[in-house]
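All residue numbers for the sequence shown refer to my numbering, where the first residue is 9 and numbers rise by one. So the structure is just underneath, and the comments pick up after that.
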Amino acid sequence: MTTLELPVLNSSLATAAPATLKNGKKIYVETYGCQMNVSDSEIVQSVMDTNGYEIIHSPDTADVILLNTCAIRDNAEKKIHERLTHLKYYKKRNRNLVVGLLGCMAERLRAQLLELQLVDIVVGPDEYRRVPELVESALNGDKGIAVKLSRVETYEDILPLRTEGISAWVSIMRGCDKFCTFCVVPFTRGRERSRTLSGVVDEMKSLWDLGFKEVTLLGQNVNSYRDEPSGSDFADLLIACTKAVPQMRIRYSTSHPQDMSDKLIYAMAEYPGICNYIHLPIQSGSNRILELMNRTYTVEHYLQRVEKIKQLIPNCAMSTDIISGFCTETEEDHQLTLDVMRTVKYEGAYMFSYSPRENTKAWKMGDDVPDEVKQRRLEEIITLQRIHSAEVNQPEIGILHSVMVEGPSKRGNNEWRGRTDTNKVIVFPHEDVRGYVVGDLVNVRVHTVNSATLLGTLE
Ligand code: SAH
Ligand code: SF4
Ligand code: F3S
């Protein structure tokens, strides 16, 4: 799962629930962290909307400001502290303003956060049904906290209040049981649990009816998905989804290399609705480090999975996550990471320097790689990735892609942007006369490439 770490600003709502009696209070939710948090904020907004709150898209006139937080690295939490400093200004203007912290940092730091004068409520990822009750008490001056993790909560019955667009996130499972030694997620999100297959398929159908054209199925480790009653696994779920809505582009994130089954790769190869793009985090190219990380696979296993993917889905794009400077990482280990990158040649990568997290197993292993070394290794990884991103795009020249139109390009100049099945952004001249709109599929032939973007013309 990729972390955004930037606030995802809410835009206007496409699927606003039927009018509920409003209570005159306005709420603003700001989201940090991964897509799972984006999806959770949609759940929270749905719960608040049902309880009479008006959802607004700026903190200026809000009665309630909720930050949905991330705890994955130290700087993710620092960002929240900085944001809280800014929010002091709003509290000065409106002494009755309620400020709440939700999400993974809330779950990790719990009551400590209530000690911050500004914070009125703290709510963990499995307690979002209680947000209205806690907000109401806070509006009456009482601080509150709800951070119990659940073994069963999936919010299956709550229809997320989605933001406008053609792309939707659908959480299919919550929690993580992998316990990678560096990672806080098993502690902040609790045990793995899956939604029902029928519930997910029904949601896919209704999303299609609402005009969504692309869905990303979300989980920390989607390959662990299980529909207990039927025994269906993630591949079965993907097949059921694409059969229910064959025209919908279906993506997913994140898969764990240990559980990347042949069955799943065959399903991707067989069904055109399942996009040919796989995010498969490697973390390190050294088996010794992978073992210390408790990643439960070897580099050889990982490369054998990549081989299988490339063999069955030749045009499949791949991205990864890499951590530099995990404890005891030597120069040799680092070189092994660069080697794996050279072997796979990823289309993209999310690259981080190791950030020790309290109470994880790795925390006790120490943090012996000096910051400058971590940073230098990270820069080498980023530089190599940049070269690869440009290189793997070269063969795209001349290729005709079916592109989903996303809207005007950032470059302006009457250019539009879309996305290939393989998740690459492609920019093409906008031609009104063709009459296409956002969400349509158009044919674009690539004529120029750079590391981040393809440029093409409509055919
Ligand atoms: N479930 C996903 C990852 C979720 S966290 C998976 O297993 O692939 C997203 C990424 O953040 C991880 O893949 C890892 O690369 C990075 N990450 C997690 N904990 C970290 C830490 N303590 N320091 C640095 N990076 C970390
Ligand atoms: Fe964290 Fe590992 Fe679970 Fe991913 S699989 S969320 S890195 S513990
Ligand atoms: Fe996501 Fe950050 Fe939590 S990456 S699962 S919001 S710790």
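Yeah, the Cβ is synthetic: ideal placement off N, Cα and C, and Gly gets one too. The structure displayed is predicted, hence computed values, not measured ones.
What residues are listed by DSSP as bridge partners for residue 260? By one-based count along the sequence shown, residue 260 stands at place 252. BP columns for residue 260 point to 225.
When every heavy atom of the ligand F3S is checked, does at least one fall within less than 7 angstroms of the C-beta of residue 58? One-based indexing of the sequence shown puts residue 58 at position 50. No - the ligand F3S has no heavy atom lying nearer than 7 angstroms to the Cβ of residue 58.
Just the Cα atoms here: how many angstroms apart are residue 117 and residue 44? Taking the sequence shown and counting its residues from 1, the one referred to as residue 117 is at position 109. Taking the sequence shown and counting its residues from 1, the one referred to as residue 44 is at position 36. If I take the Cα positions, the gap works out to 19 angstroms.
Which residue's Cα is closest to the Cα of residue 338: 420, 296 and 329? In the sequence shown, residue 338 corresponds to position 330, counting from 1. When each option's Cα is compared against that of residue 338, the closest is 296.
For my contact list, residue 414 and residue 438 are in at a C-beta cut-off of 8 angstroms; report their separation, rounded to the angstrom. What you label residue 414 is simply residue 406 of the sequence shown in a count that begins at 1. What you label residue 438 is simply residue 430 of the sequence shown in a count that begins at 1. That belief does not hold up - the Cβ atoms of residue 414 and residue 438 are roughly 12 angstroms apart, past 8 angstroms.
Could you give the DSSP three-state label for residue 240: helix, strand or coil? In the sequence shown, the residue the question calls residue 240 occupies position 232. Of the three classes helix, strand and coil, the one that applies to residue 240 here is strand, per DSSP.
Between the C-alpha atoms of residue 286 and residue 328, what's the straight-line distance to the nearest angstrom? Here residue 286 refers to the residue found at position 278 of the sequence shown. Here residue 328 refers to the residue found at position 320 of the sequence shown. Rounded to the nearest angstrom, the two C-alpha atoms are 8 angstroms apart.
Closer than 6 angstroms by C-beta to residue 279: which residues in its own chain qualify, once you throw out the five before and the five after it? Chain order, please. Start at 1 with the first residue of the sequence shown, and residue 279 comes out as number 271. Same-chain partners within the cutoff: 250.
Let me make sure I understand the geometry here. Which of 129, 267 and 431 has the alpha-carbon closest to that of residue 115? As a first step, residue 115 must be located in the sequence shown, where it is residue number 107. Considering only alpha carbons, the answer is 129.
Would you report the Cα separation of residue 300 and residue 294, rounded to the nearest angstrom? Start at 1 with the first residue of the sequence shown, and residue 300 comes out as number 292. Start at 1 with the first residue of the sequence shown, and residue 294 comes out as number 286. Going by the C-alpha atoms only, they are around 10 angstroms apart.
Please list, in chain order, all residues of the same chain as residue 369 whose beta carbon is under 6 angstroms from its beta carbon, the five residues on each side excluded. For the purposes of this step, residue 369 is identified with residue 361 of the sequence shown, where counting begins at 1. 189, listed in sequence order.
Using 8 angstroms as the threshold, is the C-beta distance between residue 155 and residue 108 below it? Position 147 of the sequence shown, counting from 1, holds the residue named residue 155. Position 100 of the sequence shown, counting from 1, holds the residue named residue 108. No, Cβ-Cβ distance for residue 155 and residue 108 is not below 8 angstroms.
Any chance the CB of residue 42 is under 7 angstroms from a heavy atom of the ligand SF4? Here residue 42 refers to the residue found at position 34 of the sequence shown. No - the ligand SF4 has no heavy atom lying nearer than 7 angstroms to the Cβ of residue 42.
Measuring alpha carbon to alpha carbon, tell me which of 302, 73, 87 and 158 ends up nearest residue 102. The count along the sequence shown starts at 1 and reaches residue 102 at position 94. It is 73.
Close beta carbons around residue 198, own chain, < 6 angstroms, minus the five adjacent residues each side: Reading the sequence shown from its first residue, position 190 is the one you call residue 198. So the qualifying residues of the chain are 157 and 183.
Would you call the CB atoms of residue 245 and residue 317 closer than 8 angstroms? Position 237 of the sequence shown, counting from 1, holds the residue named residue 245. Position 309 of the sequence shown, counting from 1, holds the residue named residue 317. Taking C-beta atoms as the reference points, residue 245 and residue 317 fail to come closer than 8 angstroms.
Using three-state DSSP, classify residue 173 as helix, strand or coil. As a position in the sequence shown, residue 173 is number 165, starting the count at 1. Residue state for residue 173 is assigned as coil, using DSSP reduced to three classes.
Inter-stretch contact (C-beta, 8 angstroms, three-pair minimum) for the segment 58-65 and the segment 87-97: no
DSSP on residue 276, reduced to helix/strand/coil? Numbered from 1 along the sequence shown, position 268 holds the residue referred to as residue 276. Reduced to three states, the DSSP call for residue 276 is helix.
CB-CB length for residue 79 against residue 192, believed under 8 angstroms: Residue numbering aside, residue 79 sits at position 71 when the sequence shown is read from its first letter. Residue numbering aside, residue 192 sits at position 184 when the sequence shown is read from its first letter. Rounded, the Cβ-Cβ distance is 5 angstroms, consistent with contact.
Counting pairs of Cβ atoms below 8 angstroms between the segment 344-351 and the segment 303-311, do you hit three or more? yes
Since residue 230 sits in a beta bridge, which residues does DSSP pair it with? Working through the sequence shown from its first residue, we reach residue 230 at position 222. Beta bridge pairing from DSSP links residue 230 with no other residue.
Which residues share a DSSP beta bridge with residue 332? The count along the sequence shown starts at 1 and reaches residue 332 at position 324. Residue 332 pairs with 361.
Kindly examine the ligand F3S and report whether one of its heavy atoms sits closer than 7 angstroms to the Cβ of residue 370. Position 362 of the sequence shown, counting from 1, holds the residue named residue 370. Residue 370: no, Cβ never under 7 angstroms from the ligand F3S.
Residue 466 vs residue 442 beta-carbon contact at 8 angstroms: The residue given as residue 466 occupies position 458 in the sequence shown. The residue given as residue 442 occupies position 434 in the sequence shown. Closer than 8 angstroms, so yes.
Distance, Cα to Cα, residue 291 vs residue 215? Locating residue 291 in the sequence shown gives position 283, counting from the first residue. Locating residue 215 in the sequence shown gives position 207, counting from the first residue. Each residue's CA atom was taken as its position, placing residue 291 and residue 215 some 34 angstroms apart.
Going by C-alpha to C-alpha distance, which of 137, 270 and 282 sits closest to residue 224? Numbered from 1 along the sequence shown, position 216 holds the residue referred to as residue 224. Among 137, 270 and 282, the Cα nearest to that of residue 224 belongs to 282.
What's the gap between the Cα of residue 393 and the Cα of residue 42? Here residue 393 refers to the residue found at position 385 when the sequence shown is read from its first residue. Here residue 42 refers to the residue found at position 34 when the sequence shown is read from its first residue. Their backbone Cα atoms lie some 21 angstroms apart in a straight line.
Using the rule of at least 16 other Cβ atoms within 10 Å of the residue's Cβ for burial, across every protein chain shown, is residue 1 buried or exposed? The requested residue 1 does not occur in the structure, where the chain is confined to residues 9 to 467.
If you reduce the DSSP assignment to three classes, tell me which class residue 100 lands in. As a first step, residue 100 is located in the sequence shown; it is residue number 92 there, counting from the start. Looking at residue 100 - three-state DSSP - the assignment turns out to be helix.
Would you list the residues sitting across from residue 461 in a DSSP beta bridge? On the sequence shown, residue 461 is found 453 positions in, with the first residue counted as 1. Paired residues: 433.
Exposed or buried, residue 1, counting other C-beta atoms within 10 Å across all chains shown (16 or more means buried)? Look at the range of the chain in this structure, 9 to 467, and you will see that residue 1 is not part of it.
How big is the Cα-Cα spacing for residue 54 and residue 48? Taking the sequence shown and counting its residues from 1, one reaches residue 54 at position 46. Taking the sequence shown and counting its residues from 1, one reaches residue 48 at position 40. Distance between the alpha carbons of residue 54 and residue 48: 10 angstroms.
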